[in-house]
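What follows is a short report on a single structure.
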Amino acid sequence: MLILTRKAGEAIAINDNITVTVIEMKGGQVKLGIEAPRHVAIHREEVLTRILEENKRATETTGDLPALDAILKHKKTA
Amino acid sequence: MTEATAAMTNKHEAGPNRPATMMTAKFGEISIDADKIITMTTPFLGFPDSRRFVLRPHGPESPFIWLQSLDDPNLAFVTINPALLIPTYRPEIPPMILDELAVKEAGQLELLVILTIPKGRVEEMTANLLGPVAINPGKRIAKQVPLDPTRYDPCWQVLVSDEGTNP
Chain A
0 MLILTRKAGE AIAINDNITV TVIEMKGGQV KLGIEAPRHV AIHREEVLTR
50 ILEENKRATE TTGDLPALDA ILKHKKTA
Chain B
0 MTEATAAMTN KHEAGPNRPA TMMTAKFGEI SIDADKIITM TTPFLGFPDS
50 RRFVLRPHGP ESPFIWLQSL DDPNLAFVTI NPALLIPTYR PEIPPMILDE
100 LAVKEAGQLE LLVILTIPKG RVEEMTANLL GPVAINPGKR IAKQVPLDPT
150 RYDPCWQVLV SDEGTNP
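Those protein sequence lines, which keep their order, are chains A and B. Heads up: the first sequence at position 62 corresponds to 61 in numbering that gives the first Met the number 0, and the numbers run straight through without jumps. Heads up: the second sequence at position 60 corresponds to 59 in numbering that gives the first Met the number 0, and the numbers run straight through without jumps.
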C-alpha cells in the first residue's frame with residue numbers, strides 16, 4: 000500500500016483526472032473531496048461490504064417458496 | 000458445473016437461437032434460450048465469476064423471480080419487483096450507472112430487489128433495498144446498484160413493514 004501524508008487543503012492526484020483533497024480534519028474524522036470523471040465509481044467501502052454480505056446471506060435462501068406466495072397475498076390484503 | 004456449462008456453451012456456439020440446457024442446483028435441468036440471457040455489466044459483489052443470468056418466475060401466479068446464474072449452477076437469488084413491496088421505492092440511479100446500462104433515464108430500467116429468507120423462518124424475510132438490481136430489458140444487461148446507506152436498508156423487513164420506519 001502506498002502511504003502518503005497530507006495536510007488539510009493538500010491533495011493527491013491519481014492518473015491525470017482524479018484528485019482527492021483533504022478538506023478538513025476534525026474530531027477523529029477526515030473529510031475528503033474527490034474529483035473524478037463520471038464513470039469512476041466512488042463508494043464508502045462499508046456500503047459495498049454490506050451489500051456483499053447481504054448477497055452471500057441471500058444465496059442461503061431456501062428454495063421452498065410456496066408458503067411465501069401465501070404470505071405476500073396475506074400481507075397485501077391485511 | 001464445468002460439464003453443464005461446457006455443454007451449454009457448445010450448443011450456444013452451434014446456433015444462437017437453439018435452446019441449450021444446464022443442470023442447476025435449485026431447478027435441476029433447465030433449458031436456456033440464448034435470447035433471454037442477461038449479462039451483468041459488473042458482477043454481483045461477492046460473486047465475481049458469475050456474469051450471465053436468466054430470470055425464472057417462481058410460478059405463473061408468483062411475485063417471486065429467480066435470478067439463476069449460468070456460470071455457477073449453485074448460485075441463484077430470489078428477487079421481487081420492489082413496487083410490490085413499496086410503491087414509492089424509486090431510488091435515484093447515479094448517472095454513471097445509467098451510462099453503464101446504456102439508458103438515458105432511470106425510468107427505462109427495471110428494478111428487482113434481492114430477498115434474504117432465513118431457512119425455516121420465512122416470516123423473517125428481508126429485502127435488500129440498498130443494492131437493487133437494475134436491468135436494461137432491451138439490451139439484457141444488468142447491474143447491482145449501490146445506493147445511499149443513510150436512506151436504504153439492506154435488510155428491510157418485508158412482513159412487518161407497516162410498522163417500520165423505512166422509506
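Don't be surprised by glycine CBs; every beta carbon is placed ideally from N, CA and C. Keep in mind the model is a prediction, meaning the values are calculated, not measured.
query = Three-state secondary structure (DSSP) at residue 74/B?
reply = coil
inquiry  = Assess contact between the region 48–56 of chain A and the region 142–153 of chain B, defined as three or more Cβ pairs (one per stretch) separated by less than 8 angstroms. Is contact present?
reply    = Touching, yes.
task = Reducing DSSP to helix, strand and coil, say where residue 104/B ends up.
result = coil
key: residue 39/B at chain A interface by Cβ criterion, 8 angstroms   = no
Coarse secondary structure for residue 105/A, derived from DSSP in three states = Here chain A comprises residues numbered 0 to 77, so residue 105/A is not present and cannot be evaluated.
ask   = Taking the continuous alpha helix (DSSP H) assigned at residue 132/B, which residues delimit it?
value = Residue 132/B -> not in any alpha helix (DSSP H); beta strand (DSSP E) instead, spanning 132–135.
key: Listed by chain order, chain B residues near residue 14/A by CB distance under 9 angstroms   = By Cβ distance, chain B contributes nothing, its closest Cβ being about 17 angstroms from residue 14/A, past 9 angstroms.
task = Examine chain A for any beta-carbon lying closer than 8 angstroms to the beta-carbon of residue 29/B, and answer yes or no.
result = no
Helix, strand or coil at residue 167/B according to DSSP, with G and I counted as helix = The structure shown does not extend to residue 167/B, since chain B spans only 0 to 166, so no value can be given for it.
query = Going along chain B in order, which residues have a C-beta closer than 9 angstroms to the C-beta of residue 31/A?
reply = What residue 31/A touches in chain B: nothing, since even the nearest Cβ is about 17 angstroms away.
message = By alpha-carbon positions, which one of 26/A, 27/A and 31/A ends up nearest to residue 10/A?
response = 31/A
request  = Could you tell me whether the Cβ of residue 47/A comes closer than 8 angstroms to any Cβ of chain B?
outcome  = Yes, its Cβ sits closer than 8 angstroms to a Cβ of chain B.
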